[in-house]
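First comes the structure, then the notes that go with it.
Numbering (this note's numbering), first residue to last: 284 to 360.
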């Protein structure tokens, strides 16, 4: 089973958003966010594939880090 944290519909595009409570203390925040996108891309690909079975709308994915106040789109292959 899967649990999608949030789906937001914006101008007809369905965003699958996965919340992450990670924190980052290092200096390279952008590098950390890129690593997290790579780490969670397979999970988001699975979510998007399943979600696309329910809609013909465009689907995009993102990670949201509330503690870092960062929203990061994850581009799928």
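Even for Gly, the Cβ is constructed at its ideal location relative to N, Cα and C.
Residue j beta carbon less than 8 Å from that of residue i
i	j	result
residue 327	residue 301	yes
residue 295	residue 325	no
residue 287	residue 323	no
residue 354	residue 303	no
Supposed contact pair residue j and residue i - C-beta distance, whole angstroms, cut 8 Å
i	j	result
residue 319	residue 346	6 Å
Same chain, Cβ closer than 6 Å to residue i, neighbours up to 5 away in sequence not counted
i	result
residue 289	300
residue 356	345
Contacting residues, own chain, Cβ-Cβ under 8 Å from residue i (five flanking each side not counted)
i	result
residue 285	329, 330, 333
residue 335	342
Assigned exposure category for residue i - 16 Cβ within 10 Å defines buried
i	result
residue 306	exposed
residue 316	buried
Residues bridged to residue i (per DSSP)
i	result
residue 354	347
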